[in-house]
Amino acid sequence: MQNRRFKSTIEDLKRQNRKLEEENIALKEKVDGLKEQLSKLQQQKPQ
-6 MQNRRFKSTI
4 EDLKRQNRKL
14 EEENIALKEK
24 VDGLKEQLSK
34 LQQQKPQ
């Protein structure tokens, strides 16, 4: 009986993990985009 509950919990955690991994990828892409914008802005600025 407890085994089934563990399996269910593990499945939930796997789903949660997948969601977090997707979020993480999206955030990394956002950061990359922001870094790109920043470097363009820094290049425009006279030193």
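By our numbering, the letter at position 28 of the sequence shown is numbered 21, and the numbering carries on one by one without gaps.
Every residue gets a Cβ at the ideal spot worked out from N, C-alpha and C, and that includes glycine.
CA-CA distance, residue i and residue j?
i     : j       : result
Leu20 : Arg11   : 14 Å
Ser32 : Gly26   : 10 Å
Asp5  : Met(-6) : 17 Å
Leu13 : Lys28   : 22 Å
Gln9  : Ser1    : 12 Å
Asn17 : Ile3    : 20 Å
Val24 : Gln35   : 16 Å
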